[in-house]
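Enquirer: Below you'll find the structure I mean.
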Amino acid sequence: MEDIQEQLTALRRRIARIDRKYAAPGEGQPASAQPKIGEPFPAARRDDRPSRYFIENLMSGEVVRTPQGEHFETEKLWESHRRHGSVDISDLAALPEDLLEQLSAGTIARAHPVKWAFLDTETTGLAGGTGTYAFLIGVGSIEAAGFRLRQFFMRDYGEEASLLWRLNEHLAQFDVLITYNGKAYDQPLLETRFRMSRARHPFDRMEHLDLLFGARRLWKLRLESCRLVDLENQILGVERQGDLPGEMIPYYYFDYLRTKQAFRLVPIFHHNAIDILSLACLTAIVPFAFRSPEDAALRHGADLIGLARWLLQAERHEEALRLFRRAVEMGLPDPLLFRTLWDIAQVEKRLDREDAALAVIVELAGSRNPYRVRALEELAKHYEHRERNYSMALEMTRSALKISDTPDIRRREARLKGRVDRRQTPRLGL
21 MEDIQEQLTA LRRRIARIDR KYAAPGEGQP ASAQPKIGEP FPAARRDDRP SRYFIENLMS
81 GEVVRTPQGE HFETEKLWES HRRHGSVDIS DLAALPEDLL EQLSAGTIAR AHPVKWAFLD
141 TETTGLAGGT GTYAFLIGVG SIEAAGFRLR QFFMRDYGEE ASLLWRLNEH LAQFDVLITY
201 NGKAYDQPLL ETRFRMSRAR HPFDRMEHLD LLFGARRLWK LRLESCRLVD LENQILGVER
261 QGDLPGEMIP YYYFDYLRTK QAFRLVPIFH HNAIDILSLA CLTAIVPFAF RSPEDAALRH
321 GADLIGLARW LLQAERHEEA LRLFRRAVEM GLPDPLLFRT LWDIAQVEKR LDREDAALAV
381 IVELAGSRNP YRVRALEELA KHYEHRERNY SMALEMTRSA LKISDTPDIR RREARLKGRV
441 DRRQTPRLGL
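The sequence shown begins at 21 in this note's numbering and counts up by one.
Pasting the structure below:
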């Protein structure tokens, strides 16, 4: 019981100290510290800082009223004479109307660049779902003056319906939606938010090009990561200064909702803006490679390999073969080189050029590499079925066995040994 009383006494003393600390001048202070009669009280320390920094007072923009309420919007223009890394902003307006046809598999046959909308969202979570909000939506567009970005921001959850209403109105002027990983994340999330607001979304009427797939096809063999920020650095040559990591963005927004201190939002607006500008500039690079693969201005053999594999999927074998050979001439790391030589051999076989395929297979069989066993098996098949040289076929099979002892190779060895033995055994005359 005494312990409790001691703790309560200590707590009262602590509260008294706090009260004295925040008391008005003269209150709770010892007599020696209080001003004497006739002396003025010392001036209270003035704090001119506002208790809150509202976004409309901190950033250029406006509070927009819609039939659904209010929200905040801001706009930025990168003039045509400026550059973003290796891309001139003026080049965007000159992009051809058929640029997106090949990369979109023909779904976007022709569309003028001024009809393209570049979209990216900043959200309250990274997993998606009905509980995730897109609190900031940026839409970039190409025009003669340069590249224009409009950002739609909800200052609180109650402004979502207004933001979505205005976004729908803004997207009505565009025919093509261009995103980075937007097919898997941004579009499904926005469709959910429109449904939750009992509104019709605009995406059914727009063709959607997700640039992530083309970028991965080109660069995944060379770059460790194909995140937008990494391509921005490695391909465009842009290095962000003071950027906010994407995983921190939800926490900054939640802190803003709690404190209404909007200065913490400035890095989020900047992050979103640079993402969209980089997306537009990469659109001036990636689709060109797919539009005319053999004229692609790619300086790394690994990039050509990615493009050649895409051509193979499209059954464009001759073009793929030429790119494979160009990539080998440019130089490749050993793992990719051996895989590419194997692919060249397979394409030559598919084109019924057995001699050309055989020359590559012989090269693979003659050195240590991951495809050596498969090359030796191919040589065994060649000698057995095309040349009827069972002894050479057996020799190739036994060479493969020394590297990889598998049941299939053992069965081939037994079959070939039987054929060789039968040929070597003389027939008895009648």
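The beta carbon of each residue, even a glycine, is placed where N, CA and C say it ideally should be.
Looking at the structure shown, is L396 part of a helix, part of a strand, or coil, going by DSSP?
Expert: Residue state, collapsed to three classes: helix.
Enquirer: How should T303 be labelled, buried or exposed, when 16 other C-beta atoms within 10 angstroms of its C-beta is the threshold for buried?
Expert: So T303 ends up on the buried side.
Enquirer: Rank A181, L248, R311, F233 by C-alpha distance to the C-alpha of H91 and give the top, closest one.
Expert: Selected option, being the one with the closest Cα: A181.
Enquirer: Thinking E95 and R168 are a contact (beta carbons under 8 Å), I'd like their distance in whole angstroms, please.
Expert: The Cβ separation is near 7 Å, so the contact holds.
Enquirer: Could you tell me how far apart the beta carbons of L256 and H104 are, in whole angstroms, since I believe they sit closer than 8 Å?
Expert: Contact holds; Cβ gap of about 7 Å.
Enquirer: For A340, which of V382, L384, Y205, G321 has the nearest alpha-carbon?
Expert: Cα-wise, what sits closest to A340 is G321.
Enquirer: Is the beta carbon of Q207 less than 9 Å from the beta carbon of L191?
Expert: Going by C-beta atoms, Q207 is not nearer than 9 Å to L191.
Enquirer: In whole angstroms, what separates the C-alpha of P353 from that of R170?
Expert: Near 44 Å, if we compare the C-alpha coordinates of R170 and P353.
Enquirer: Buried or exposed for P268, please, with buried defined as at least 16 other CB atoms from any protein chain shown within 10 angstroms of its CB.
Expert: Strictly speaking, residue 268 in this sequence is Met, with Pro absent from that position. Exposed is the call here.
Enquirer: Cβ of A282 within 9 Å of Cβ of M79?
Expert: Contact: yes.
Enquirer: Could you name the residues of the same chain whose beta carbon sits closer than 8 Å to that of L343, not counting the 5 residues immediately before and after it, in chain order?
Expert: Answer for L343: P313, E314, L324, I325, L327, A328, L331, listed in chain order.
Enquirer: Would you grab the beta carbon distance between I423 and R392 for me? Rounded to a whole angstrom, and I think it's under 8 Å.
Expert: So it is a contact: roughly 6 Å between Cβ atoms.
Enquirer: CA-CA distance, I294 and N253?
Expert: Going by the C-alpha atoms only, they are around 12 Å apart.
Enquirer: Entirely within the region 184-218 and at least 3 residues each: give me those beta strand (DSSP E) ranges in chain order.
Expert: Within the region 184-218, the complete beta strand (DSSP E) runs of at least 3 residues are 196-199.
Enquirer: Could you check where the beta strand (DSSP E) with T152 kicks off and where it finishes?
Expert: Note, T152: premise wrong, no beta strand (DSSP E); not H, not E.
Enquirer: In angstroms with no decimal places, state the Cα-to-Cα distance between G386 and Y403.
Expert: One C-alpha to the other measures close to 16 Å.
Enquirer: Distance, Cα to Cα, S106 vs R359?
Expert: Distance between the alpha carbons of S106 and R359: 32 Å.
Enquirer: Specify whether the region 260-277 and the region 220-233 touch according to this definition: at least 3 beta carbon pairs, one from each stretch, less than 8 Å apart.
Expert: Cβ pair count under 8 Å is below three, so no.
Enquirer: Hey, does S110 have any beta-carbon neighbour from chain B nearer than 9 Å?
Expert: Note that chain B does not occur in the displayed structure, where there is just one protein chain.
Enquirer: Measure the beta-carbon distance from F453 to A300 and round it to whole angstroms, keeping in mind my assumption that it falls under 8 Å.
Expert: There is no way to answer for residue 453, as the model of the chain reaches only from 21 to 450.
Enquirer: Determine the burial state of V159: buried for a count of at least 16 other Cβ atoms within 10 Å of its Cβ, exposed for fewer.
Expert: Buried: at least 16 other Cβ atoms inside 10 Å.
Enquirer: Go through its chain and collect everything with a Cβ distance to I128's Cβ below 7 Å, but skip five positions before and after it.
Expert: Once the five neighbours on either side are set aside, the close Cβ partners of I128 are L120, E121, V196, E227, L229.
Enquirer: Would you tell me roughly how many angstroms separate the C-alpha atoms of G202 and R370, rounded to the nearest one?
Expert: If I take the Cα positions, the gap works out to 37 Å.
Enquirer: Could you give the first and the last residue of the continuous alpha helix (DSSP H) run that contains H320?
Expert: Segment: none, H320 is in no alpha helix (DSSP H) and carries neither H nor E.
Enquirer: Below 8 Å on the Cβ atoms is my contact criterion, and I expect E382 with I364 to pass it. Report the Cβ-Cβ distance as a whole number of Å.
Expert: For the sequence presented, residue 382 should be read as Val rather than Glu. About 13 Å; that fails the 8 Å criterion.
Enquirer: So, helix, strand or coil for F283, using DSSP?
Expert: Note: F283 maps to helix in three-state DSSP.
Enquirer: Out of R215, R225, F214, F233, which has the shortest C-alpha to C-alpha gap to A204?
Expert: The option with the nearest alpha carbon to A204 is F233.
Enquirer: Could you check the C-alpha separation between S217 and G89 for me, to the nearest Å?
Expert: The straight-line gap from Cα to Cα measures roughly 13 Å.
Enquirer: For A131, I'd like the list of residues in its chain whose CB is within less than 7 Å of its CB, leaving aside the five on either flank, ordered along the chain.
Expert: Counting only Cβ-Cβ distances below 7 Å, and skipping sequence neighbours, we find E117, L120, D195, V196.
Enquirer: Assuming the contact rule is C-beta atoms closer than 8 Å, D140 and T199 should be a hit. Round their C-beta distance to whole Å, please.
Expert: About 7 Å; that satisfies the 8 Å criterion.
Enquirer: Check whether the Cβ atoms of R439 and Y410 sit closer than 9 Å, and answer yes or no.
Expert: For R439 and Y410, yes; Cβs fall inside 9 Å.
Enquirer: Would you give the residue range spanned by the beta strand (DSSP E) that E90 belongs to?
Expert: E90 -> beta strand (DSSP E) spans 89-99.
Enquirer: To the nearest angstrom, how far is the alpha carbon of K135 from that of S161?
Expert: If you take the alpha carbons of K135 and S161, they lie about 8 Å apart.
Enquirer: Buried or exposed for R237, going by 16 or more other Cβ atoms inside 10 Å?
Expert: So R237 counts as buried.
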